[in-house]
Amino acid sequence: MPITTVGLDADDTLWHNETIFRLTQARFLDLLGEHDNAVIEARLAEVERRNLRLYGYGVKGFTLSMIETAMELCDGDPPSGVIREILAAGREMLAHPVETLPGVDEALHQLAERYRLVLITKGDLLDQERKLAASGLGDLFAAVEIVSEKDRGTYERVFARHGTGPDEAVMAGNSVKSDVIPAIEAGAFGVHIPYHVTWAHEVAEPPVDHPRFGLLETIADLPGWIAARGA
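Following this line, the structure appears as structure tokens:
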């Protein structure tokens, strides 16, 4: 069965993202310097997890979670200027330049010559649209889906809407939890392209024994991997 459609994640697959969050989190730890770093990180992770269903993914939800964490750790009265600094950090994240990962431009041009490319990403709508426009890659995609969650149903709908169904599709991204496992459950190929850091909420065990699972060191290897599947 030929592959007709290639789905691609955005953050940390096409361009850097998690490193920006890590830098902002380090800045947040400094703002709450009177507290132990491990305590701050654990509370922030707990608050983020709790807020995902309310705020979704992305910078705005992260910023709100930092504010909430600061309020909780400081008994509702954080030091003067802390909230202002958190909001400033969030604005800087939303304006951060987009830096594509090595090999992305060439790989996507190769893929676009043979397959229908679909960008499938979570996060804030306006921020993801901004990053795609700034990346210069937008014209290579036949469709863009910015979704609230990536699960089996998402991939079934997206690949039916923009392709010939999940059986003839590949999904590639840096998250085993979001980009690989649910895509395979939907019937597509799932290709893991690891980023050097992974958000704790996206960690999962890869389905290494599944015949539709692939693991690549870099996105530059993706065109060849798909071609080897007989597409």
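The numbering of the sequence shown is this note's numbering, which starts it at 59 and goes up by one.
Where a beta carbon is used, it is the ideal one built from N, C-alpha and C, also for glycine.
The structure presented is a predicted model; accordingly, all values stated were derived computationally and were not measured.
Is the beta carbon of residue i sitting closer than 7 Å to the one on residue j?
i: residue 140; j: residue 128; result: yes
i: residue 90; j: residue 98; result: yes
i: residue 200; j: residue 224; result: no
i: residue 151; j: residue 117; result: yes
i: residue 122; j: residue 113; result: yes
i: residue 124; j: residue 226; result: no
i: residue 270; j: residue 239; result: no
i: residue 102; j: residue 95; result: no
i: residue 162; j: residue 72; result: yes
Using only alpha-carbon positions, find the residue among the options that is nearest to residue i.
i: residue 106; options: 190, 119, 280; result: 119
i: residue 65; options: 264, 288, 169, 137; result: 169
i: residue 208; options: 192, 186, 235; result: 235
i: residue 263; options: 241, 233, 137; result: 233
i: residue 175; options: 187, 191, 198; result: 198
i: residue 82; options: 143, 137, 111; result: 143
i: residue 210; options: 110, 246, 220; result: 246
i: residue 111; options: 100, 180, 138, 190; result: 180
i: residue 222; options: 189, 265, 173; result: 173
i: residue 155; options: 104, 189, 100; result: 189
Could you round the C-beta distance between residue i and residue j to whole angstroms and report it? I think they count as a contact, below 8 Å.
i: residue 228; j: residue 61; result: 6 Å
i: residue 67; j: residue 237; result: 5 Å
i: residue 131; j: residue 74; result: Their Cβ separation, rounded to whole angstroms, is 29 Å, which puts residue 131 and residue 74 out of contact at 8 Å.
i: residue 80; j: residue 255; result: 6 Å
Pull up the distance between the alpha-carbon of residue i and that of residue j, whole angstroms please.
i: residue 268; j: residue 63; result: 20 Å
i: residue 166; j: residue 177; result: 11 Å
i: residue 194; j: residue 157; result: 11 Å
i: residue 183; j: residue 196; result: 15 Å
i: residue 192; j: residue 185; result: 10 Å
i: residue 284; j: residue 187; result: 27 Å
i: residue 296; j: residue 76; result: The question about residue 296 has no answer, for the chain in this structure spans 59 to 289.
i: residue 287; j: residue 126; result: 48 Å
i: residue 159; j: residue 78; result: 14 Å
i: residue 220; j: residue 148; result: 34 Å
i: residue 282; j: residue 164; result: 12 Å
i: residue 266; j: residue 134; result: 46 Å
i: residue 136; j: residue 146; result: 16 Å
i: residue 109; j: residue 212; result: 21 Å
i: residue 138; j: residue 104; result: 24 Å
Could one say the Cβ of residue i lies closer than 7 Å to chain D's Cβ atoms, at least one of them?
i: residue 69; result: Of the protein chains in this structure there is only one, and it is not chain D.
Counting Cβ pairs closer than 8 Å, one from the region 250-259 and one from the region 204-217, do we hit at least three? Contact fails between the region 250-259 and the region 204-217, because fewer than three Cβ pairs, one in each stretch, are under 8 Å apart.
The region 277-285 contacting the region 257-264, beta-carbon criterion three pairs below 8 Å: A contact is defined here as three or more CB-CB pairs under 8 Å, and the region 277-285 fails this definition with respect to the region 257-264.
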